[in-house]
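Asker: First to last, the protein sequences are chains A and B. Every number in my numbering is 1 more than the matching position in the first sequence, counting from 1. Every number in my numbering is 29 more than the matching position in the second sequence, counting from 1.
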Amino acid sequence: MTFYLGYGTNGFANHRLDDALSVIADLGYTGVALTLDHHHLDPFAPDVGRQVKKVAARLDSLGLGVVVETGARFLLDRRRKHHPTMVSDEQHVRVDFLLRALEIAADLGADCVSFWSGIVPAGVDDDEAWQRMKAGVTAVLDGAARHGVPLALEPEPGMLVERLDQALRLREELGSPALLGITLDVGHCVAVEPRDAADCVRRAGDLLLNVQLDDMLPGVHEHLEFGEGSLDLPATLAALEEIGYTGLAAVELPRHSHAAPEVARRALSALRAALPHPWLADAVRSVRSDPTTVRTLFPAVGRKVGRTPVSPDSDPHGVVRGTVDDRARTRLLAALAAVTGPEELAAELTDLYRHGDDAERRGVLRALASVGDEVPEAGVDLVKDALRSNDTRLVAAALGPFAATHLDAHTWRHGVLKCLFLGIPLAAVAGLDRRADAELERMVAAFAEERRAAGRTVPDDALYLLRSQD
Amino acid sequence: MRIFDPHIHMTSRTTDDYEAMHAAGVRAVVEPAFWLGQPRTNVGSFTDYFDSLIGWERFRAAQFGIRHHCALALNPKEANDPRCAPVLDVLPRYLEKDGVVAVGEVGYDSMTPEEDEAFARQLELAIRHELPALVHTPHRDKAAGTARTLDLVRESGLPAERVLVDHLNETTVRAVADSGCWMGFSIYPDTKMDEERMVAILREYGTDRVLVNSAADWGRSDPLKTHKTGLAMLAAGFDEAAVDQVLWRNPLDFYGQSGRLVLDDVTPGETFAGNSVLRGERP
Numbered sequence: 002m003t004f005y006l007g008y009g010t011n012g013f014a015n016h017r018l019d020d021a022l023s024v025i026a027d028l029g030y031t032g033v034a035l036t037l038d039h040h041h042l043d044p045f046a047p048d049v050g051r052q053v054k055k056v057a058a059r060l061d062s063l064g065l066g067v068v069v070e071t072g073a074r075f076l077l078d079r080r081r082k083h084h085p086t087m088v089s090d091e092q093h094v095r096v097d098f099l100l101r102a103l104e105i106a107a108d109l110g111a112d113c114v115s116f117w118s119g120i121v122p123a124g125v126d127d128d129e130a131w132q133r134m135k136a137g138v139t140a141v142l143d144g145a146a147r148h149g150v151p152l153a154l155e156p157e158p159g160m161l162v163e164r165l166d167q168a169l170r171l172r173e174e175l176g177s178p179a180l181l182g183i184t185l186d187v188g189h190c191v192a193v194e195p196r197d198a199a200d201c202v203r204r205a206g207d208l209l210l211n212v213q214l215d216d217m218l219p220g221v222h223e224h225l226e227f228g229e230g231s232l233d234l235p236a237t238l239a240a241l242e243e244i245g246y247t248g249l250a251a252v253e254l255p256r257h258s259h260a261a262p263e264v265a266r267r268a269l270s271a272l273r274a275a276l277p278h279p280w281l282a283d284a285v286r287s288v289r290s291d292p293t294t295v296r297t298l299f300p301a302v303g304r305k306v307g308r309t310p311v312s313p314d315s316d317p318h319g320v321v322r323g324t325v326d327d328r329a330r331t332r333l334l335a336a337l338a339a340v341t342g343p344e345e346l347a348a349e350l351t352d353l354y355r356h357g358d359d360a361e362r363r364g365v366l367r368a369l370a371s372v373g374d375e376v377p378e379a380g381v382d383l384v385k386d387a388l389r390s391n392d393t394r395l396v397a398a399a400l401g402p403f404a405a406t407h408l409d410a411h412t413w414r415h416g417v418l419k420c421l422f423l424g425i426p427l428a429a430v431a432g433l434d435r436r437a438d439a440e441l442e443r444m445v446a447a448f449a450e451e452r453r454a455a456g457r458t459v460p461d462d463a464l465y466l467l468r469s470q471d
Numbered sequence: 030m031r032i033f034d035p036h037i038h039m040t041s042r043t044t045d046d047y048e049a050m051h052a053a054g055v056r057a058v059v060e061p062a063f064w065l066g067q068p069r070t071n072v073g074s075f076t077d078y079f080d081s082l083i084g085w086e087r088f089r090a091a092q093f094g095i096r097h098h099c100a101l102a103l104n105p106k107e108a109n110d111p112r113c114a115p116v117l118d119v120l121p122r123y124l125e126k127d128g129v130v131a132v133g134e135v136g137y138d139s140m141t142p143e144e145d146e147a148f149a150r151q152l153e154l155a156i157r158h159e160l161p162a163l164v165h166t167p168h169r170d171k172a173a174g175t176a177r178t179l180d181l182v183r184e185s186g187l188p189a190e191r192v193l194v195d196h197l198n199e200t201t202v203r204a205v206a207d208s209g210c211w212m213g214f215s216i217y218p219d220t221k222m223d224e225e226r227m228v229a230i231l232r233e234y235g236t237d238r239v240l241v242n243s244a245a246d247w248g249r250s251d252p253l254k255t256h257k258t259g260l261a262m263l264a265a266g267f268d269e270a271a272v273d274q275v276l277w278r279n280p281l282d283f284y285g286q287s288g289r290l291v292l293d294d295v296t297p298g299e300t301f302a303g304n305s306v307l308r309g310e311r312p
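1) Assuming isoleucine 105 of chain A and valine 69 of chain A are in contact, meaning their beta carbons sit under 8 Å apart, how far apart are those beta carbons, in whole angstroms?
2) Closer than 9 Å between beta carbons: that is the criterion. Which residues of the region 342-373 of chain A meet it against chain B?
3) Going by the DSSP bridge assignment, what does methionine 212 of chain B pair with across the sheet?
4) Determine the chain B residues that contact glycine 303 of chain A at a beta-carbon separation under 9 Å, and present them in chain order.
5) Within 7 Å (strictly less), CB to CB, does glycine 84 of chain B reach chain A?
6) Do arginine 322 of chain A and valine 311 of chain A have their C-beta atoms within less than 7 Å of each other?
7) I need the DSSP call for alanine 100 of chain B, collapsed to helix, strand or coil.
8) Please work out which residues of its chain come closer than 6 Å, Cβ to Cβ, to cysteine 113 of chain B, disregarding the five sequence neighbours upstream and downstream, and give them in chain order.
9) Using the beta-carbon count (16 or more within 10 Å), is proline 312 of chain B buried or exposed?
10) Our contact map puts glycine 182 of chain A next to valine 212 of chain A with C-beta atoms below 8 Å; I'd like the distance itself, whole angstroms only.
11) Using 7 Å as the limit for Cβ to Cβ distance, is leucine 464 of chain A near chain B?
12) What did DSSP end up calling tyrosine 246 of chain A once you bin it into helix, strand or coil?
13) By Cβ distance below 8 Å, which residues in the same chain neighbour arginine 31 of chain B in space, the five residues on each side in sequence not counted?
14) Using a Cβ cut-off of 7 Å, pull out every chain B residue sitting near proline 300 of chain A, in sequence order please.
15) Going by DSSP, name the residue or residues bridged to leucine 35 of chain A.
16) Where does serine 81 of chain B fall in DSSP's three states?
17) To the nearest angstrom, how far is it from the Cα of aspartate 374 of chain A to the Cα of glutamate 155 of chain A?
18) Could you check whether the region 291-302 of chain A touches the region 341-350 of chain A, counting it as contact only if at least three pairs of C-beta atoms, one from each stretch, sit closer than 8 Å?
19) Arginine 147 of chain A to arginine 204 of chain A, Cα distance in whole Å?
20) Taking beta-carbon pairs under 7 Å, can you tell me which members of the region 73-102 of chain B lie near chain A?
21) Which stretch, first to last residue, makes up the alpha helix (DSSP H) that contains phenylalanine 116 of chain A?
22) Going along chain B, which residues have a C-beta under 7 Å from arginine 296 of chain A?
23) Please report the Cβ distance between valine 320 of chain A and alanine 397 of chain A, rounded to the nearest whole angstrom; I am assuming they are in contact, meaning their Cβ atoms lie under 8 Å.
24) Do proline 235 of chain A and alanine 275 of chain A have their CB atoms nearer than 7 Å?
25) Give the DSSP-derived three-state secondary structure of glutamate 310 of chain B in the structure shown.
26) Tell me whether lysine 478 of chain A is buried or exposed, calling it buried when 16 or more other Cβ atoms sit within 10 Å of its Cβ.
27) I'd like the list of long-range same chain contacts for leucine 383 of chain A, defined as Cβ closer than 6 Å, with 5 residues on each side in sequence excluded.
28) On the DSSP letters alone, give me the boundaries of the beta strand (DSSP E) that proline 61 of chain B sits inside.
29) So, at 7 Å on beta carbons, what are the nonlocal neighbours of glutamate 86 of chain B in its own chain, with the 5 sequence-adjacent residues on each side left out?
30) Could you compute how far the alpha carbon of leucine 241 of chain A sits from the alpha carbon of glycine 380 of chain A?
31) Between the beta-carbon of aspartate 329 of chain A and the beta-carbon of valine 302 of chain A, is there less than 7 Å?
32) May I have a chain-ordered list of the alpha helix (DSSP H) segments no shorter than 4 residues that lie completely inside the region 325-413 of chain A?
33) Pairs of beta-carbons, one from the region 193-208 of chain B and one from the region 455-468 of chain A, closer than 8 Å: are there three or more?
34) Is it the case that the Cβ atoms of isoleucine 216 of chain B and lysine 254 of chain B are separated by a distance below 7 Å?
35) Going by CA-CA distance only, name the one from A:Phe403, A:His356, A:Arg435, A:Ala102 that's closest to phenylalanine 75 of chain B.
36) Tell me which residues share the same chain as alanine 111 of chain A and place their Cβ nearer than 7 Å to its Cβ, disregarding the 5 neighbours each side in the sequence.
What follows is the structure, given as structure tokens:
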């Protein structure tokens, strides 16, 4: 693992800071995202200097790395949550706080200070807010330079800067200051970003200074425990490895303080289960630095990371959801896609498939869901090749999301019909409800008729498809 | 008697052979890449063949309760054909596949500069891919070819214990025994070696580092020669442990250096690409 795992103290709001740090370290985390707050290292306390020294020593003795977070709710204004912000009339209060935070971060030896923009106030238009934000960040960057601590801007749903693209644009408009990087909350990616968290991680790339980990549902800004939302945690952690991220990745569950120790324990076990295999992490790095190494790493995946199905109970042969090695191969090809152009990628995918054994071919086909959009022509050729075979697992792997999007209607329908012939569960066919049409219904009805005429049973999947088309 | 045939070309054999081999105790084989009896004319001909060695043939063997592994290489005969030699550029992809337990057959046929080049490059590949190498000794000018083979192995840097020098006979065994390489003997109906001569060599050289194979292929050959050699050893007074060492443990130790042998009980897969081989009861 290139990065280190931590927990956010805002998820321990009912603990003394000292106690929170102990629990976090005892569980096995090696970092902490420290939200400065009235009861957790109050930056306005008269003896703040002495407290900072104590906390620094405590972090050191517990072996915890640290990032300073500045999202406390009622630290600057006792009535209005998060107020004032970088886009408020009273912006100077926020700037002053961030400058204090930078000084504290320097004394703690923190990686960075993380901050967000703010909700655009009523009566202020977006242009005005954008100019305020730029001026505020410029002011705070002076402090960052003075203390030698970088700033990490976090896109926050509902605020002026709520998506990664906006944060990157702001940075560019400021002249790409070296001390301004990005904080990425991977749950926010699920909630508001047009692409998934792993893609956001890749897009942030070297600018990523701080990561917050939590689950979320699309469109809903509510921090959830892992598994309760739709975050692909393994893919997200793998993307962090892939870009060589070395900073803190801390669990961000600010509304779970009532059960913090137990929630933190569950989070760490979910993270450990989702972390990429060490061999895979090395392999991904190798592909990024020399794309040709994929040729000899790709065949070895099954021996190195295993071949068990992803969902052994519901899908014992991995026909529907694939296998552990399929997932790992997707990671390798995502890394390849990140460092090669479409032509090279198309050629290599084709070679890996043509020279691949059955597992490798399935790996290429399943990876098309992640990388196929860049090489639609080559992808369609490979899918068509697989659909010509009678290998059930290959046919199933071919009819994933890539085929649902890119395959022509005729070929796609025949693929579905082939599944019925070969006894492949139609659960393996992505986008079935969306793409099923009258012609497919006709074909399936004829298939059912033929089976009945021969005195053979009609597969349930065929009956289901016919019913759902009524 | 449990048997691991360390060199047999099952692609050229029938399902009757598989059944007879299983009945005789054969539970594992290594099939080295070889020529077809007629010349290949392009690289694609090799890759189709490699694909069958890592997929279809392994599946076919499993249907009869036999674990199939393979060794892949450009064989010395075809190393002389410029239409075939570029297969060396795609070979690295294949050497990382599951079931590939060695680089082979490499070695000399007519001892040409092209053969030198292909042989040396493939020993390098064995080092890079952490595999043992199966080395074929020439049919003609065998003693000189074997000496030159051992020189090249020494120069390559591949440790002697990762090299099996095959098709040996009374005139070539001494040099290989002294080199530290493993000694392979192909027992044929008429040519190469027979069971009785093999027993005599075992008496003289012992059972360490010695492997016996049938090298059965598309020519006149007998896939049960391993079993028959075991019987000849017993008849000559070797005990069962000695037979087991030659016919099972030595091949296992040699190819086990790849880390890729799979020798648990075979569960026949249902089909390979929709085909079960068995006909009738299944597709």
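C-beta atoms are modelled at their ideal positions from N, C-alpha and C, and glycine is treated no differently.
Answerer: Straight from the coordinates:
1) Within the first sequence, numbered from 1, the residue matching residue 105 of chain A stands at position 104. Within the first sequence, numbered from 1, the residue matching residue 69 of chain A stands at position 68. Between valine 69 of chain A and isoleucine 105 of chain A the Cβ distance is about 6 Å, and since that is below 8 Å, they are a contact.
2) Asp352, Leu353, Arg355, His356, Gly357, Asp358, Asp359, Ala360, Glu361
3) Translated into the one-based positions of the second sequence, residue 212 of chain B becomes position 183. B:Val194, B:Val239, per the DSSP bridge assignment.
4) Position 302 of the first sequence, counted from the start, is the residue given in the question as residue 303 of chain A. By Cβ distance, chain B contributes Asp127.
5) Looking up residue 84 of chain B in the second sequence gives position 55. Yes, glycine 84 of chain B lies at the interface with chain A (some Cβ there is under 7 Å from its Cβ).
6) For the purposes of this step, residue 322 of chain A is taken as the residue at position 321 of the first sequence. For the purposes of this step, residue 311 of chain A is taken as the residue at position 310 of the first sequence. The answer is yes: Cβ separation under 7 Å.
7) Residue 100 of chain B sits at position 71 when you count from the first residue of the second sequence. Three-state result, alanine 100 of chain B: strand.
8) Sequence index remark: in the second sequence, residue 113 of chain B carries index 84 (1-based). Counting only Cβ-Cβ distances below 6 Å, and skipping sequence neighbours, we find Arg69, Glu107.
9) Within the second sequence, residue 312 of chain B is the residue found at index 283, counting from 1. Residue placement at proline 312 of chain B cannot be trusted, given a pLDDT of 45 that sits under 50; what the coordinates show is reported in the next sentence. By the neighbour-count rule (16 or more Cβ atoms within 10 Å), proline 312 of chain B is not buried but exposed.
10) What you label residue 182 of chain A is simply residue 181 of the first sequence in a count that begins at 1. What you label residue 212 of chain A is simply residue 211 of the first sequence in a count that begins at 1. In fact, because the Cβ distance is near 11 Å, the residues do not count as touching under 8 Å.
11) Here the question's residue 464 of chain A lines up with position 463 in the first sequence. No, its Cβ sits nowhere closer than 7 Å to a Cβ of chain B.
12) To locate residue 246 of chain A, count along the first sequence from 1; it is residue 245. Looking at tyrosine 246 of chain A - three-state DSSP - the assignment turns out to be coil, as it is neither helix nor strand.
13) Within the second sequence, the letter at position 2 stands for residue 31 of chain B. Answer for arginine 31 of chain B: Gly54, Arg56, Asp273, Leu276, Trp277, listed in chain order.
14) Your numbering for residue 300 of chain A matches position 299 in the first sequence. Within chain B, the residues near proline 300 of chain A are Arg122, Glu125, Lys126.
15) As a first step, residue 35 of chain A must be located in the first sequence, where it is residue number 34. In DSSP, leucine 35 of chain A forms a bridge with A:Val69.
16) Residue numbering aside, residue 81 of chain B sits at position 52 when the second sequence is read from its first letter. In the structure shown, serine 81 of chain B sits in a helix (DSSP, three-state: H, G or I).
17) Residue numbering aside, residue 374 of chain A sits at position 373 when the first sequence is read from its first letter. Residue numbering aside, residue 155 of chain A sits at position 154 when the first sequence is read from its first letter. Spanning the two alpha carbons is a distance of roughly 29 Å.
18) yes
19) Locating residue 147 of chain A in the first sequence gives position 146, counting from the first residue. Locating residue 204 of chain A in the first sequence gives position 203, counting from the first residue. About 29 Å.
20) Thr76, Ile83, Gly84
21) The residue you call residue 116 of chain A lines up with position 115 of the first sequence. Here phenylalanine 116 of chain A belongs to no alpha helix (DSSP H); instead the beta strand (DSSP E) covers 114-116.
22) Translated into positions along the first sequence, residue 296 of chain A becomes position 295. Residues of chain B passing the Cβ test: Pro121, Arg122.
23) Position 319 of the first sequence, counted from the start, is the residue given in the question as residue 320 of chain A. Position 396 of the first sequence, counted from the start, is the residue given in the question as residue 397 of chain A. With 8 Å as the limit, valine 320 of chain A and alanine 397 of chain A qualify as a contact, their Cβ atoms being about 5 Å apart.
24) If you number the first sequence from 1, residue 235 of chain A lands on position 234. If you number the first sequence from 1, residue 275 of chain A lands on position 274. Yes; because the gap between Cβ atoms is below 7 Å, this pair is in contact.
25) For the purposes of this step, residue 310 of chain B is taken as the residue at position 281 of the second sequence. Note that glutamate 310 of chain B scores 44 on pLDDT, short of 50, meaning its location in the model is unreliable; the coordinates nonetheless yield the value given after this. If DSSP states are grouped into helix, strand and coil, glutamate 310 of chain B belongs with coil.
26) Look at the range of chain A in this structure, 2 to 471, and you will see that residue 478 of chain A is not part of it.
27) Against the first sequence, residue 383 of chain A aligns to sequence position 382. Tyr354.
28) Translated into the one-based positions of the second sequence, residue 61 of chain B becomes position 32. Unbroken beta strand (DSSP E) run through proline 61 of chain B: 55-61.
29) For the purposes of this step, residue 86 of chain B is taken as residue 57 along the second sequence, with counting starting at 1. Within the same chain, glutamate 86 of chain B has close Cβ partners Met39, Thr40, Glu60, His97.
30) In the first sequence, residue 241 of chain A corresponds to position 240, counting from 1. In the first sequence, residue 380 of chain A corresponds to position 379, counting from 1. Spanning the two alpha carbons is a distance of roughly 26 Å.
31) Sequence index remark: in the first sequence, residue 329 of chain A carries index 328 (1-based). Sequence index remark: in the first sequence, residue 302 of chain A carries index 301 (1-based). What sits at residue 329 of chain A in the sequence shown is alanine, not aspartate. Yes, the Cβ-Cβ distance between alanine 329 of chain A and valine 302 of chain A is below 7 Å.
32) 325-340, 343-355, 359-372, 377-389, 393-399, 402-407
33) no
34) Along the second sequence, read from residue 1 onward, the residue named residue 216 of chain B stands at position 187. Along the second sequence, read from residue 1 onward, the residue named residue 254 of chain B stands at position 225. For isoleucine 216 of chain B and lysine 254 of chain B, yes; Cβs fall inside 7 Å.
35) Indexing the second sequence from 1 puts residue 75 of chain B at position 46. That would be A:His356, whose Cα lies nearest to the Cα of phenylalanine 75 of chain B.
36) Along the first sequence, one-based indexing puts residue 111 of chain A at 110. Same-chain partners within the cutoff: Val67, Val68, Val69, Val150.
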